[in-house]
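Engineer: Residue numbering for the sequence shown follows our numbering, starting at 36 and increasing by one per position. Ideal Cβ positions, reconstructed from N, Cα and C, are used throughout, including at glycine. Take a look at this one; I'll ask things after.
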Amino acid sequence: MNTKSRVIAIVGSTASGKTDLSLRIAEKIKGEIISADSRQIYRGLDIGTAKPSKEVRAKIPHHFIDILDPDEDYSAGEYGQEARKKINELLSNGRVPIIVGGSGLYIKALVDGLFEGPAKNKEIREQLEDEAKRYGKEMLYEKLKKIDPISASRMDFTKLRRIIRALEVYYITGKPISELHSSQQTRPEFDVVQYGIEWDRNILYERINKRVDAMFEKGLVDEVKTLKENGYSPALNSLNTVGYKEVFDMLEGKLNEKDARELIKRNTRRYAKRQLTWFRADKRIHWIKISDAVYLDIDAEKIINEFLANQ
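Next up, the structure:
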């Protein structure tokens with residue numbers, strides 16, 4: 036008989052309603068949110084990451100939000116270890132953790148454990164960085180697709196650091212990093228029941244477009260100006276991301292606001308597609324098809340009833 040505690044996870048693409056659904060569940064079962072968002076961990080990145088408001092966080096405890104400054108590094112492996120520790124702590128105190136996020140690597144690190152890989156090799160890394168400068172990051176991405184198509188399919192081709200790391204691990208070990216991930220997984224002391232939110236693509240894309248417009252109206256440009264004034268560079272890993280890099284380009288005169296807004300919409304739609312590709316590869320996820328946000332309460336009740344019935 037399985038005596039492990041069970042934990043709910045709500046996953047899905049950006050703008051899918053993960054936060055709304057998780058908050059409805061948390062209110063009903065007195066849960067606490069474990070954020071699995073690789074950008075909401077940073078202070079000052081509020082509007083562009085659709086971070087829950089301070090009022091919401093005061094009402095329902097949230098963890099792994101606003102824990103780092105934008106120039107601090109934080110790996111998925113670190114997150115996985117610390118999130119597991121926090122979940123075990125909450126469970127031991129009789130609390131109900133609810134994992135929420137769209138960062139696939141963070142979810143994987145928490146649920147399955149994550150292979151950290153060998154130490155960095157300066158010579159290999161410098162060679163790959165030089166190739167990227169001479170031939171472009173696209174060439175390195177094509178190389179990765181031939182060596183490790185699984186990792187490449189889950190990776191944003193604009194994220195040069197991740198591409199270089201995947202190639203570096205292959206050249207050091209002779210094995211694709213996706214294979215090493217699979218062979219060195221470690222399970223947590225609790226079971227995670229994952230629910231994925233799925234929309235019709237056209238509706239999801241319309242939600243994304245509306246969210247981007249709302250971000251500009253809420254002050255996204257001023258948020259990026261403040262980050263820039265505080266000395267944070269768009270080259271930082273935390274800011275080299277959709278919604279921030281485009282506004283930095285706008286502030287530097289490379290784009291006007293209209294073009295920046297449309298580019299963010301396009302890049303966010305592409306990011307959502309990659310997120311769904313990642314999550315759909317995990318057959319353990321129970322998918323919930325939503326046609327209208329008004330049904331979120333019904334879906335919350337369904338998840339709660341299933342969760343309580345199997346406790």
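(1) In terms of alpha-carbon separation, which member of Leu140, Thr221, Ile199 lies closest to Glu158?
(2) Can you tell which of Ala307, Lys53, Thr208, Phe283 has its C-alpha closest to the C-alpha of Lys263?
(3) For Met36, I'd like the list of residues in its chain whose CB is within less than 6 Å of its CB, leaving aside the five on either flank, ordered along the chain.
(4) How should Lys86 be labelled, buried or exposed, when 16 other C-beta atoms within 10 angstroms of its C-beta is the threshold for buried?
(5) With a CB to CB cut of under 6 Å and the five nearest residues on each side skipped, what residues in its chain are close to Ser186?
(6) Could you compute how far the alpha carbon of Asp226 sits from the alpha carbon of Asp147?
(7) Kindly list the residues whose CB is nearer than 7 Å to the CB of Gly254, restricted to its own chain and excluding five residues on each side of it in sequence; keep chain order.
(8) Kindly provide the ranges of any alpha helix (DSSP H) runs that are 4 or more residues long and lie completely inside the segment 266-321, ordered along the chain.
(9) Could you check whether Ser51 and Ile68 sit closer than 8 Å to each other, using their CB atoms as the reference points?
(10) Go through its chain and collect everything with a Cβ distance to Asn244's Cβ below 7 Å, but skip five positions before and after it.
(11) For Tyr230, is the classification buried or exposed, using 16 other Cβ atoms within 10 angstroms of its Cβ as the cut-off for buried?
(12) Distance, Cα to Cα, Ile122 vs Pro132?
(13) Would you grab the beta carbon distance between Thr49 and Thr303 for me? Rounded to a whole angstrom, and I think it's under 8 Å.
(14) Which whole runs of the alpha helix (DSSP H) in the segment 106-133 are 4 residues long or more, in chain order?
(15) Apart from the five residues on each side of it in sequence, which residues of its chain come closer than 6 Å, Cβ to Cβ, to Arg130?
(16) For a quick check, are the C-beta atoms of Phe342 and Ile134 less than 8 Å apart?
Structural biologist: According to the structure shown:
(1) The shortest C-alpha separation from Glu158 is found at Ile199.
(2) Phe283
(3) With a pLDDT of 43 at Met36, under the threshold of 50, the modelled position of this residue cannot be trusted; read the value that follows with caution. Nothing listed; no residue qualifies.
(4) buried
(5) Ala201, Ile212, Ser213
(6) 10 Å
(7) The residues Ile82, in chain order, have a CB closer than 7 Å to that of Gly254 in the same chain once the five nearest residues on each side in sequence are set aside.
(8) 280-286, 292-315
(9) no
(10) Setting aside the 5 residues that flank it on each side, Asn244 is surrounded in the same chain by Lys300, each with a C-beta closer than 7 Å to its C-beta; the list follows chain order.
(11) buried
(12) Per the coordinates, the alpha-carbon of Ile122 lies some 6 Å from the alpha-carbon of Pro132.
(13) 6 Å
(14) Along the segment 106-133, the alpha helix (DSSP H) occurs as fully enclosed runs of 4 or more residues at 111-127, listed in sequence order.
(15) Glu67
(16) no
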